[in-house]
Structures are given as C-alpha cells and as structure tokens.
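A.B. asks: Here it is, the structure in full.
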Amino acid sequence: MNLPKTARLGLLAISMALGFAGAQAQSDDKVLNLYSARHYQTDEALYANFTKATGIRINRIDSDDAGVLTRLKNEGASSPADVVLLVDAARLVKAEQEGLFQPVKSATLESRIPAALRGTDAGKGAAWFGFSTRARVVVYNKATVKKEDVDTYAELGDPKNKGRVCTRSGSHPYNLSLFGSMVERMGAEKTEAWLKGVVDNMARAPKGGDTDQIKAVASGECQVGVTNSYYLARLMRSDKAEDRAVMEKVAVVFPDQQGAGTHVNVAGGAVAAHAKNRDAAVRFLEYLAGDEAQGYFANGNNEWPVARGVKLGNPALDALGDFKQESVPIAAIGANQAKVQQMLDRVGYK
Ligand code: FE
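All the letters of the sequence shown, read from the start, carry residue numbers 116 to 465 under my numbering.
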C-alpha cells in the first residue's frame, strides 16, 4: 500500500475519515463502521461523497488484509464492523469461508457486478462483491532486457534471467494470489520448480512494495520486476520529475498474452457478519458499485471498474490498453494459498 511506514505500523489505528466531535449527537444508524485494507488517498473523496449523499458518516478503521481479518475474528459477535473492504481476492474468499461476512441480496449489486466477481451465493445473496480489478504485470529495464525474454510469468524463473528479478515478499497477498493462479495453470510440482527458479534469479532479497520494484528496475539494481498495474499507472500519470525519469527507463508487459492471460486480482467488500447497521452497509456497497464510485476507482486509483459502461477518463489506463485476462476461478486461487505458502517456505522465497 502507499502509506508511510509509520502509518502502517500503527495497524488498526482508528482514523476518523470524516470525524467530528458532534458525531455522538447523531443516531447510531448514521454512522457506518468501515474496516478497510484500502489505503489509497483518492478513496477519501469516495467516502466523503457517500456521506454527502446519504448523511451517513463513515468511521474508518485501517489495517492490511490480514490485520482486518484477525481483528474481525478476535472481536467475534461484538465486532462493531459494518462493512469490510479488502484488496485481494484470496483474502475475500478466506474471510467468506471463515464466516466473517453475511450474504447480501441486492438487485443493484447483481446488475452492476459480474457474477464471476462475487462471492458464493447460496440463495441469500453473495457473500462479497468485487468493486475493482488490477493486473499483476511485469516491468523491465528497456536498456538491458528484451521484451520477449520476460513476456511470460514462466520466464521469471528461467535461468536466462539470472540475477535480474525483483519482487516484494512472496507471502504478500498479491503474490500469493498470482502463485495460486499458477498452481491452477501448471500444477503444484511445476509451480514449485518455477518459484525456485524465481528465487535463483533474484537480484536482491524481496523487500519493499510494488513501487519499490519499479524504481529498482529503473535504477538498474534489478532488470525485471512484478507490480500491480495501478502502481505503474500512478507513476505514468505523475508530474514529479523523479517519477518521469523512472518511467523513461522502464517498459511494461502483460504476461502470457499468447497463453493463459495475465493474472488479475480483485478488490472488494462485504457486509460484516455481525453488522449492527446492515441497511447502511448495503447502501455503501451499492454506492461503491455506482457510476460515481466506479469512476473514482478508475480515475482516482487507476484500477479497472467492474461495472459495465463506466467511462474511463484515465490516460494511463488508456495507454495500458486492452489485454487478455486469465480465467482462473477466484475460489481456486484462494484454495491454493496454504499450499503456496508451504512452497515458498521450501524454496526460500521470503
Ligand atoms: Fe496495493
């Protein structure tokens, strides 16, 4: 995420997104408790506009995906959480399986969000809803790397890329989901051999976030990196001279366009299992599926909206263009997580 470290270290620090002292004077149903793993500055406008439109104040509690889930589990039935936002499909699946969400039946959500981007629906509505997607792409140094050497995920583990590869921690949800998808594509045995190859190819031990990998590729410390698309798009749109310099050095490739397609992850949300303000929670999810919020995901945080017909006004997304996406079921990716973590431990992928 893009918060400074000090802010992230203060996990679960309560941030009153639109907090004001007079809040207690309002009735309880006018406050929505949001547990969020989204830490994108442009989301602030999203929350502010919901409050403006509905009069419902948002009390936001920030953590990462794992922190949100741990907190929900620890709090159990007494949890004040109404809405939960996570930034990884596998974590959404896991939370669903652990009973941390409650199903929501909503014609609005069903019409706006494709079925493949919703949680399990056992007749009472889906357990969660995807609101935006992001691709896991490869960046490479234009001066030292040929595109055809890095245009598949498999090649990241090929000896021809020895000493060139940088990634964030293998255990980060973004990577766990990519690797979980690879298990579906090529089986467990080949995936583990591939992961071993990636470790053997590393220019340095995994560290930092996705943006750090892009910068390291630009500086020449690494030649090839892996990043979520929106971190790249953010740099593409930046006016800062240092960001422009970074983007002059690197190029992007959507892996596996001739094969299974590029891995795509989902950020989404759900109504918490023990939500006290269920109606407001559903209203918030519906707001996130609306044109205005979908536009914020696209134009504010450079993600792809899930609703059809949302207009993109984003030059970076336009420049990234259309691409072939993988068609691996989200539930399968989620189911592979534990297996993948064991592989990472065995091959020494930190
Ligand atoms: Fe992120």
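Every residue gets a Cβ at the ideal spot worked out from N, C-alpha and C, and that includes glycine.
Considering Cα atoms alone, identify which of W243, G415, F399 is closest to L350.
C.D. replies: Taking only the C-alpha atoms, the option nearest L350 is G415.
A.B. asks: Could you tell me the alpha carbon to alpha carbon distance between G324 and R251, rounded to whole angstroms?
C.D. replies: In a straight line, the C-alpha of G324 is about 13 Å away from that of R251.
A.B. asks: P370: buried (16+ other C-beta within 10 angstroms of its C-beta) or exposed?
C.D. replies: P370 comes out buried.
A.B. asks: Applying the criterion that 16 or more other CB atoms from any shown protein chain within 10 Å of the CB defines a buried residue, is Q338 buried or exposed?
C.D. replies: Buried, since its Cβ has 16 or more Cβ neighbours within 10 Å.
A.B. asks: So T282 and N290 are supposed to be a Cβ contact under 8 Å. How far apart are they, rounded?
C.D. replies: Between N290 and T282 the Cβ distance is about 6 Å, and since that is below 8 Å, they are a contact.
A.B. asks: Pull up the DSSP beta-bridge partners for N392, would you.
C.D. replies: For N392, which the question treats as bridged, DSSP gives no partner whatsoever.
A.B. asks: Are the stretch 190 to 204 and the stretch 391 to 400 touching, with three or more C-beta to C-beta distances below 8 Å?
C.D. replies: Yes, the stretch 190 to 204 is in contact with the stretch 391 to 400.
A.B. asks: Quick one: measure Cβ to Cβ for Q328 and G340, integer angstroms, because I've assumed they're closer than 8 Å.
C.D. replies: Correct: roughly 3 Å between the Cβ atoms.
A.B. asks: Over what stretch of residues does the beta strand (DSSP E) that includes T342 continue unbroken?
C.D. replies: Counting along the chain, the beta strand (DSSP E) containing T342 begins and ends at 339 to 343.
A.B. asks: Say whether the stretch 205 to 218 touches the stretch 241 to 259, bearing in mind that this needs 3 or more beta-carbon pairs closer than 8 Å, one atom from each stretch.
C.D. replies: With the cut-off at 8 Å, the stretch 205 to 218 and the stretch 241 to 259 touch.
A.B. asks: Spatial neighbours of A192 within its chain, please: C-beta separation below 6 Å, excluding the five flanking residues on both sides.
C.D. replies: Cβ within range, chain order: H389.
A.B. asks: Exposed or buried, N256, counting other C-beta atoms within 10 Å across all chains shown (16 or more means buried)?
C.D. replies: Buried, because 16 or more other Cβ atoms sit within 10 Å of the Cβ of N256.
A.B. asks: Between which two residues does the alpha helix (DSSP H) harbouring V298 extend?
C.D. replies: Run containing V298: 288 to 315, per the alpha helix (DSSP H) assignment.
A.B. asks: Express the C-alpha separation of G295 and S142 in angstroms, rounding to a whole number.
C.D. replies: Note that S142 scores a pLDDT of 47, beneath 50, so its modelled location is shaky and nothing firm can be said.
A.B. asks: Given this structure, state the Cα-to-Cα distance separating L293 from I173, to the nearest angstrom.
C.D. replies: Each residue's Cα considered, the two are about 32 Å apart.
A.B. asks: Does N148 pass the burial test, meaning 16 or more other C-beta atoms within 10 Å, or should it be called exposed?
C.D. replies: With 16 or more Cβ atoms within 10 Å of its Cβ, N148 is classed as buried.
A.B. asks: Measuring straight from C-alpha to C-alpha, what distance separates V208 and D180?
C.D. replies: Distance between the alpha carbons of V208 and D180 is about 12 Å.
A.B. asks: Hey, quick one: how far does the alpha helix (DSSP H) through N164 stretch, first residue to last?
C.D. replies: Its alpha helix (DSSP H) spans residues 158 to 169.
A.B. asks: If you count every other CB in all the chains shown that lies within 10 Å of the CB of G335, and 16 or more means buried, which is it?
C.D. replies: Exposed, by the Cβ-count rule.
A.B. asks: With a CB to CB cut of under 6 Å and the five nearest residues on each side skipped, what residues in its chain are close to L310?
C.D. replies: Cβ within range, chain order: M458, V462, Y464.
A.B. asks: Got a sec, what are the start and stop residues for the beta strand (DSSP E) S247 sits in?
C.D. replies: Run containing S247: 244 to 256, per the beta strand (DSSP E) assignment.
A.B. asks: Would you tell me roughly how many angstroms separate the C-alpha atoms of R279 and T306, rounded to the nearest one?
C.D. replies: Roughly 19 Å separates the two Cα atoms.
A.B. asks: How is T223 classed by DSSP in three states: helix, strand or coil?
C.D. replies: Correct three-state label for T223: helix.
A.B. asks: Is the beta carbon of N451 less than 8 Å from the beta carbon of L432?
C.D. replies: No, Cβ-Cβ distance for N451 and L432 is not below 8 Å.
A.B. asks: Can you give me the Cβ contacts of R300 inside the same chain, cut-off strictly under 6 Å, excluding the 5 residues immediately before and after it?
C.D. replies: Around R300: A375.
A.B. asks: Closer than 7 Å to a non-hydrogen atom of the ligand ATP - does that hold for the CB of N417?
C.D. replies: Of the ligands this structure carries, namely the ligand FE, none is the ligand ATP.
A.B. asks: With which residues is P420 paired in a DSSP beta bridge?
C.D. replies: BP columns for P420 point to S247.
A.B. asks: What is the rounded straight-line gap between the Cα of S284 and the Cα of V314?
C.D. replies: Cα-Cα distance, rounded: 11 Å.
A.B. asks: Leaving aside the five residues before and after Q456 along the sequence, list all residues of the same chain whose C-beta is less than 8 Å from its C-beta, in chain order.
C.D. replies: S286, L291, listed in sequence order.
A.B. asks: Relative to the ligand FE, is the shortest distance from any of its heavy atoms to the C-beta of N343 smaller than 7 Å?
C.D. replies: Under cutoff, so the answer is yes.
A.B. asks: Taking 7 Å as the cut-off, does the CB of V379 come closer than this to any heavy atom belonging to the ligand FE?
C.D. replies: V379 Cβ: outside cutoff for every heavy atom of the ligand FE.
A.B. asks: Along the chain, where does the alpha helix (DSSP H) that runs through G384 open and close?
C.D. replies: It is not in any alpha helix (DSSP H) - G384 instead sits in the beta strand (DSSP E) that spans 379 to 387.
A.B. asks: V381 and I445 - do their beta-carbons sit closer together than 8 Å?
C.D. replies: Their beta carbons are under 8 Å apart, which means I445 touches V381 by this criterion.
A.B. asks: Can you tell me whether T326 is buried or exposed, with buried defined as 16 or more other CB within 10 angstroms of its CB?
C.D. replies: Per the 10 Å Cβ criterion, buried.
A.B. asks: With 8 Å set as the bound, which would you pick, yes or no: does the beta-carbon of A360 sit closer than that to a beta-carbon of chain C?
C.D. replies: Judged by its chain identifiers, the structure shown contains no chain C, having just a single protein chain.
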